[in-house]
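Numbering follows UniProt numbering, with no gaps: position 212 of the sequence shown is 212.
For glycine and all other residues, C-beta sits at the position ideal for the given N, C-alpha and C.
Contents: one structure, followed by commentary.
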Amino acid sequence: MVRRVRALPLRARLSLLVAAAVAFAVAVVAAACWFVVKSVLVSSLDEALKANRMDGQQVSKYLDLRTGLCAHDPVTREENPFGSSVQLVDGKGGSCLIIGTEAVRLTGADRAVAEGASADALHDATGSDGGRYRVFTYTVPGLRDVAVSAARPLSEVHDSLNNLALVLVFVAGAGVVGAAAAGLWVARTALRPVDELTRAVEHVARTEDLTVRIPVDDADEDEIARLSRSFNSMTSALASSRDLQQQLIADAGHELRTPLTSLRTNIELLTRSEETGRPIPEADRKALLASVKAQMTELAALIGDLQELSRPDTGQHADRAQIVAWQDAVESALRRARLRGPELTITADVHPWYVRAEPSALERAVVNILDNAVKFSPEGGVIDVRLADGVLTVRDHGPGIPVDELPHVFDRFWRSPTARALPGSGLGLSIVARTVQQAGGEVSLTRADGGGTTATVRLPGAPTPPPEVP
């Protein structure tokens, strides 16, 4: 049964839940109403029996004082001013019907009243016709060893209760049906935004159209509105991610095409020389081989940069992060920079600073910053490097970056028009920004006073290593 209910649509389940809840509430209220009405009717019947007590004079005319038996035939109920069947009970357990047509079986409580053991008794009993009666037995002042037992049929109560039960069943049924209809209407109204969301998700799954948006009123703050906003944010993020992915593929293809074309041309020249038997002059041959080597190096660097950018931003980075002596990474990068620019003067003022980052990625980021400084520094120029209090600054004295180009320096594959003739993939600073962000820091490039560019990297850390690091 539970499985069948779970297999129903959510709208049907909500309707059934509302109908079941209303049915339960109506059943409880109807049962309580029935018992209350029954109690009131029985109480009214008891009050009527108690209000119609017979006095001694009225009872005496039905007694034969010599025999203790009834002196007259019983009066029918139609002639009964008390509206009940009445019988007399003596202390010996004898009885006779004086009013009505149906005698009621006496109980020990009735005899106890006749014996004077109790003043009165109120109970249910069975009549000679098999029906149930409400019986009130009481003593009469002035008469000894005689009690009066008045009885009225409980059918007076049961008939009203049966009619009430029919009314309650009808009302309850109408209430349940109305509740089910109302529940269905409420479910349809409440789930209409969910239906729209479902259709939107199905449309995205079927067509991969990430431009779908669900209209949401800014004033709505309920769960459905929050869910719709989350869906819109998700599709926007997915669309942006797909656009970035397509842009990355297009940019990577464009960047790969240039070195591959040059590499293919040089190799074809070398191959044609071998096939035709016409040797290339030694100087030209060396130049071609040097060009092939340079293009291979550029391709390897570009592929390495692409692999670095393809790594996830979170998750795996947290597993590889550890406490790193940033000054060691800077010193290592300085040694490589001095090899690449032996004609340059690189000054260094490096103080200890320990950060939590991925060691290889952090060193690569510093190398990329220094490579840019070496690349754009004039021959015989000076590069100032300083690491203090968690701030690394690299200042070159090159041409600098135009102000309008500064917002784009960390974009993937972006290269200044004035620097496109220089080697590079346009991914170095993107890798720097990514690495610094993963380490919880900030990076910026600004124009330096007097010309040149200043790269600034700030990373959280401490001047001394934590206790667990030797």
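Where residue i falls, given that 16 or more other Cβ within 10 Å makes a residue buried
i: Ile431; result: buried
i: Gly441; result: buried
i: Asn372; result: buried
i: Pro466; result: exposed
i: Pro259; result: buried
i: Arg199; result: exposed
i: Gly428; result: buried
i: residue 471; result: There is simply no residue 471 to check, as the chain begins at 1 and stops at 470 in what is shown.
i: Pro215; result: exposed
i: Asn266; result: buried
i: Ala300; result: exposed
i: Glu47; result: exposed
i: Glu358; result: buried
i: Pro193; result: buried
i: Gln246; result: exposed
i: Ala19; result: buried
i: Ala333; result: buried
Nearest-angstrom Cα separation, counted from residue j out to residue i
i: Ile369; j: Ile401; result: 14 Å
i: Arg335; j: Ala283; result: 32 Å
i: Tyr133; j: Ala31; result: 23 Å
i: Thr314; j: Trp185; result: Caution is warranted here: a pLDDT of 49 is assigned to Thr314, below 50, making its placement in the model unreliable, and the coordinate value is therefore given only provisionally. When rounded, the distance between both Cα atoms is 46 Å.
i: Gly341; j: His203; result: 57 Å
i: Glu405; j: Arg206; result: 41 Å
i: Thr189; j: Leu14; result: 12 Å
i: Trp34; j: Ser43; result: 14 Å
i: Ala321; j: Arg272; result: 51 Å
i: Phe376; j: Arg364; result: 18 Å
i: Ala187; j: Asp217; result: 20 Å
i: Arg356; j: Trp326; result: 9 Å
i: Gly398; j: Gly450; result: 10 Å
i: Ser262; j: Val292; result: 8 Å
i: Leu17; j: Ala23; result: 10 Å
i: Ser240; j: Ala21; result: 47 Å
i: Arg66; j: Cys96; result: Below a pLDDT of 50, predicted positions are generally treated as unreliable, and Arg66, at 46, falls in that range; no measurement from the model is reported.
i: Gln438; j: Thr276; result: 55 Å
i: Thr107; j: Leu164; result: 32 Å
i: Val167; j: Ala25; result: 16 Å
i: Leu238; j: Gly183; result: 37 Å
i: Ala112; j: Val29; result: 40 Å
i: Leu210; j: Ala433; result: 28 Å
i: Ala181; j: Leu45; result: 42 Å
i: Glu274; j: Met296; result: 21 Å
i: Glu78; j: Ala174; result: Confidence at Glu78 is low in this model, with a pLDDT of 47, below 50, so its placement is unreliable and the value that follows should be read with caution. Each residue's Cα considered, the two are about 42 Å apart.
i: Asp159; j: Asp195; result: 52 Å
i: Thr464; j: His351; result: 11 Å
Integer Cβ distance of residue i from residue j, believed to fall under 8 Å
i: Asp90; j: Asp145; result: 6 Å
i: Ile383; j: Leu344; result: 6 Å
i: Val86; j: Val171; result: Incorrect: roughly 39 Å between the Cβ atoms, too far for contact.
i: Arg152; j: Ser60; result: About 23 Å separates the two Cβ atoms, so there is no contact after all.
i: Leu288; j: Ala329; result: About 38 Å; that fails the 8 Å criterion.
i: Leu154; j: Asp124; result: 7 Å
i: Gly452; j: Asp411; result: Their Cβ separation, rounded to whole angstroms, is 22 Å, which puts Gly452 and Asp411 out of contact at 8 Å.
i: Tyr354; j: Val324; result: 7 Å
i: Leu161; j: Val40; result: Contact flag wrong, Cβ pair sits at about 11 Å.
i: Leu49; j: Ala114; result: That pair is no contact at about 17 Å.
Bounding residues of the alpha helix (DSSP H) (the contiguous stretch that carries residue i)
i: Ala321; result: Neither: Ala321 is in no alpha helix (DSSP H) and is coded neither H nor E.
i: Thr435; result: 428–438
i: Asp110; result: 108–114
i: Ile99; result: Segment 95–99 is the beta strand (DSSP E) holding Ile99; no alpha helix (DSSP H) there.
i: Ser84; result: Counting along the chain, Ser84 falls outside any alpha helix (DSSP H), and DSSP gives it neither H nor E.
i: Asp209; result: From DSSP, Asp209 is part of no alpha helix (DSSP H); its letter is neither H nor E.
i: Val374; result: 359–376
i: Val59; result: 56–60
Residue interval of the beta strand (DSSP E) (run including residue i)
i: Ala388; result: 382–388
i: Ile346; result: 345–350
i: Leu143; result: Neither: Leu143 is in no beta strand (DSSP E) and is coded neither H nor E.
i: Val443; result: 442–447
i: Val394; result: 391–395
i: Ala103; result: That residue, Ala103, is in no beta strand (DSSP E); it is neither H nor E in DSSP.
i: Asp120; result: 120–126
i: Arg458; result: 453–458
*How do the segment 137–144 and the segment 115–125 stand: do at least 3 beta-carbon pairs fall below 8 Å, yes or no?*
Flag = yes, the segment 137–144 and the segment 115–125 touch.
*Are the segment 445–463 and the segment 386–397 touching by the rule of at least three beta carbon pairs closer than 8 Å?*
Output reads yes: the segment 386–397 touches the segment 445–463.
*Three or more C-beta pairs closer than 8 Å, one from the segment 221–240 and one from the segment 45–59: is that the case here?*
Using a C-beta cut-off of 8 Å, the segment 221–240 makes no contact with the segment 45–59, since fewer than three inter-stretch Cβ pairs fall below that distance.
*For the segment 345–354 against the segment 446–456, are there 3 or more C-beta pairs whose distance is under 8 Å?*
Verdict: no, contact absent.
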